[in-house]
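Here's the structure we're looking at; comments come further down.
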Amino acid sequence: MTEAEHTAHGAAVFGTTWIGWDEVLAIDWDEPAIPRATDITRYRRLPDGTLELSHRGDWSRGFARASGIDTVSVDPDRVGELWAEGTEWDVGATVFRAERARRRDAVPADGPWQPVWTVMRALAGVHGHAQVRLVVWFDT
0 MTEAEHTAHG AAVFGTTWIG WDEVLAIDWD EPAIPRATDI TRYRRLPDGT LELSHRGDWS
60 RGFARASGID TVSVDPDRVG ELWAEGTEWD VGATVFRAER ARRRDAVPAD GPWQPVWTVM
120 RALAGVHGHA QVRLVVWFDT
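By numbering that gives the first Met the number 0, the letter at position 56 of the sequence shown is numbered 55, and the numbering carries on one by one without gaps.
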(Lines of atoms letter the chains of each structure in order from A and count residues from 1; the text may use other names and numbers.)
(Lines give C-alpha, C1' and ligand atoms only; values in the text may rest on other atoms or scores of the structure.)
Protein backbone atom coordinates (compact mmCIF):
# COMPACT_ATOMS: atom_id res chain seq x y z
CA MET A 1 0.00 0.00 0.00
CA THR A 2 2.77 2.49 0.88
CA GLU A 3 4.68 1.65 -2.29
CA ALA A 4 1.54 2.11 -4.40
CA GLU A 5 0.86 5.53 -2.83
CA HIS A 6 4.48 6.55 -3.39
CA THR A 7 4.34 5.45 -7.04
CA ALA A 8 1.01 7.22 -7.59
CA HIS A 9 2.64 10.58 -6.85
CA GLY A 10 5.09 9.99 -9.72
CA ALA A 11 7.78 12.54 -10.46
CA ALA A 12 6.43 14.94 -7.81
CA VAL A 13 7.91 12.77 -5.03
CA PHE A 14 11.14 13.83 -3.32
CA GLY A 15 12.81 13.48 0.07
CA THR A 16 11.61 9.93 0.73
CA THR A 17 12.82 8.69 4.12
CA TRP A 18 11.78 6.55 7.05
CA ILE A 19 12.33 6.05 10.77
CA GLY A 20 11.82 2.87 12.76
CA TRP A 21 9.91 2.71 16.02
CA ASP A 22 13.07 1.53 17.77
CA GLU A 23 14.78 4.74 16.53
CA VAL A 24 11.89 6.90 17.74
CA LEU A 25 12.20 5.32 21.19
CA ALA A 26 15.93 6.16 21.25
CA ILE A 27 15.44 9.89 20.51
CA ASP A 28 16.61 12.28 23.22
CA TRP A 29 13.66 14.70 23.10
CA ASP A 30 15.48 17.16 25.38
CA GLU A 31 18.46 17.48 23.04
CA PRO A 32 18.88 21.02 21.69
CA ALA A 33 18.06 21.41 18.03
CA ILE A 34 21.09 23.59 17.31
CA PRO A 35 24.06 24.92 19.32
CA ARG A 36 22.75 28.42 20.09
CA ALA A 37 19.65 30.24 21.27
CA THR A 38 16.97 30.22 18.58
CA ASP A 39 13.91 31.90 20.05
CA ILE A 40 12.58 34.29 22.62
CA THR A 41 10.11 32.52 24.89
CA ARG A 42 7.63 34.40 27.07
CA TYR A 43 6.63 33.08 30.49
CA ARG A 44 4.28 34.28 33.20
CA ARG A 45 5.72 34.21 36.71
CA LEU A 46 3.21 32.59 39.06
CA PRO A 47 2.77 33.69 42.68
CA ASP A 48 4.93 30.77 43.87
CA GLY A 49 7.79 31.95 41.61
CA THR A 50 7.51 29.19 39.00
CA LEU A 51 7.21 30.04 35.33
CA GLU A 52 4.28 29.12 33.11
CA LEU A 53 4.87 29.04 29.35
CA SER A 54 2.90 31.72 27.53
CA HIS A 55 4.37 31.81 24.03
CA ARG A 56 7.34 30.52 22.05
CA GLY A 57 8.88 32.60 19.29
CA ASP A 58 7.86 35.88 20.89
CA TRP A 59 9.17 38.78 18.80
CA SER A 60 6.58 41.24 20.06
CA ARG A 61 6.40 44.89 21.03
CA GLY A 62 6.45 43.75 24.67
CA PHE A 63 9.78 42.00 24.09
CA ALA A 64 11.06 45.07 22.19
CA ARG A 65 10.30 47.29 25.21
CA ALA A 66 11.87 44.82 27.66
CA SER A 67 15.07 44.22 25.65
CA GLY A 68 15.52 47.59 23.99
CA ILE A 69 15.82 45.93 20.56
CA ASP A 70 13.93 47.20 17.52
CA THR A 71 11.97 44.08 16.56
CA VAL A 72 10.86 45.74 13.32
CA SER A 73 14.36 46.16 11.87
CA VAL A 74 16.21 43.26 13.56
CA ASP A 75 15.66 39.77 12.16
CA PRO A 76 14.47 37.28 14.80
CA ASP A 77 16.84 34.71 13.28
CA ARG A 78 19.66 36.68 14.92
CA VAL A 79 18.62 35.74 18.49
CA GLY A 80 21.65 33.46 18.92
CA GLU A 81 24.04 36.19 17.76
CA LEU A 82 22.59 38.80 20.07
CA TRP A 83 22.05 36.90 23.34
CA ALA A 84 23.39 33.83 25.11
CA GLU A 85 20.97 31.05 25.90
CA GLY A 86 19.25 31.78 29.20
CA THR A 87 19.42 35.58 28.94
CA GLU A 88 16.27 36.90 30.66
CA TRP A 89 14.27 40.10 30.79
CA ASP A 90 11.82 40.45 33.71
CA VAL A 91 8.90 42.84 33.32
CA GLY A 92 6.56 42.45 36.29
CA ALA A 93 5.03 38.98 36.05
CA THR A 94 6.32 38.51 32.49
CA VAL A 95 9.68 36.89 31.78
CA PHE A 96 11.24 36.80 28.32
CA ARG A 97 14.07 34.28 27.88
CA ALA A 98 16.47 33.46 25.02
CA GLU A 99 16.19 29.70 24.55
CA ARG A 100 17.28 26.96 22.21
CA ALA A 101 14.61 24.84 20.58
CA ARG A 102 14.56 21.25 21.78
CA ARG A 103 13.34 18.30 19.76
CA ARG A 104 10.28 18.09 22.03
CA ASP A 105 9.34 21.64 20.99
CA ALA A 106 8.94 20.53 17.38
CA VAL A 107 7.23 17.24 18.23
CA PRO A 108 5.41 17.61 21.58
CA ALA A 109 4.20 14.33 23.10
CA ASP A 110 0.60 15.56 23.19
CA GLY A 111 0.74 17.32 19.80
CA PRO A 112 -0.38 16.30 16.32
CA TRP A 113 2.13 13.43 16.16
CA GLN A 114 0.59 11.71 19.20
CA PRO A 115 -1.82 9.55 17.14
CA VAL A 116 1.09 8.41 14.93
CA TRP A 117 3.12 7.37 17.99
CA THR A 118 0.06 5.58 19.41
CA VAL A 119 -0.40 3.50 16.25
CA MET A 120 3.32 2.76 15.96
CA ARG A 121 3.45 1.71 19.63
CA ALA A 122 0.48 -0.63 19.12
CA LEU A 123 1.99 -2.17 15.97
CA ALA A 124 5.33 -2.61 17.74
CA GLY A 125 3.51 -4.46 20.52
CA VAL A 126 2.31 -6.97 17.94
CA HIS A 127 5.22 -7.14 15.49
CA GLY A 128 8.24 -5.95 17.50
CA HIS A 129 9.94 -2.54 17.67
CA ALA A 130 12.36 -3.24 14.81
CA GLN A 131 9.51 -4.26 12.47
CA VAL A 132 7.60 -0.96 12.53
CA ARG A 133 8.59 2.15 10.64
CA LEU A 134 7.14 5.43 9.52
CA VAL A 135 7.74 6.20 5.83
CA VAL A 136 7.40 9.78 4.59
CA TRP A 137 7.98 11.76 1.42
CA PHE A 138 7.24 15.18 0.03
CA ASP A 139 5.71 16.25 -3.22
CA THR A 140 5.77 19.44 -5.23
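For each residue, glycine too, the CB sits at the ideal point set by N, CA and C.
Would residue i and residue j be called neighbours here (beta carbons separated by less than 8 Å)?
{"i": "Arg64", "j": "His54", "result": "no"}
{"i": "Ala97", "j": "Trp116", "result": "no"}
{"i": "Arg43", "j": "Ala108", "result": "no"}
{"i": "Ser72", "j": "Trp88", "result": "no"}
{"i": "Pro75", "j": "Trp58", "result": "yes"}
{"i": "Ala11", "j": "Thr139", "result": "yes"}
{"i": "Phe62", "j": "Phe95", "result": "yes"}
Skipping 5 residues on each side, what residues in its chain have a beta carbon closer than 6 Å to that of residue i?
{"i": "Trp15", "result": "Checking the displayed sequence, the identity of residue 15 turns out to be Thr instead of Trp. Within the same chain, Thr15 has close Cβ partners Trp136."}
{"i": "His128", "result": "Trp20, Asp21"}
{"i": "Arg77", "result": "none"}
{"i": "Leu122", "result": "Val131"}
Helix or strand or just coil, what does DSSP make of residue i?
{"i": "Arg55", "result": "coil"}
{"i": "Asp76", "result": "helix"}
{"i": "Asp134", "result": "In the sequence as presented, Asp is not what sits at residue 134; that position holds Val. Strand, per DSSP."}
{"i": "Arg102", "result": "helix"}
{"i": "Glu4", "result": "helix"}
{"i": "Gly19", "result": "strand"}
{"i": "Val115", "result": "helix"}
{"i": "Leu50", "result": "strand"}
{"i": "Ala144", "result": "Residue 144 falls outside the range modelled here, since the chain spans only 0 to 139, and no answer is possible."}
{"i": "Ala121", "result": "helix"}
In the DSSP output, what is residue i paired with across the bridge?
{"i": "Val12", "result": "Asp138"}
{"i": "Ala97", "result": "Ile39"}
{"i": "Val90", "result": "Thr93"}
{"i": "Arg44", "result": "Leu50"}
{"i": "Pro31", "result": "Arg101"}
Grab me the residues of residue i's own chain with a C-beta within less than 8 Å of its C-beta, minus the 5 sequence neighbours each way, in chain order.
{"i": "Ile26", "result": "Arg102"}
{"i": "Ala105", "result": "Ala32"}
{"i": "Leu50", "result": "Tyr42, Arg43, Arg44, Val94"}
{"i": "Gly56", "result": "Asp38, Ile39, Thr40, Pro75"}
Who are the Cβ neighbours of residue i in its own chain at under 7 Å, not counting the five residues just before and after it?
{"i": "Leu133", "result": "Trp17, Ile18, Val115, Met119"}
- Item | Sufficient close CB pairs (3 or more, under 8 Å) joining the region 28–41 to the region 71–87 | With a cut-off of 8 Å, the region 71–87 and the region 28–41 count as touching, because enough Cβ pairs lie within range.
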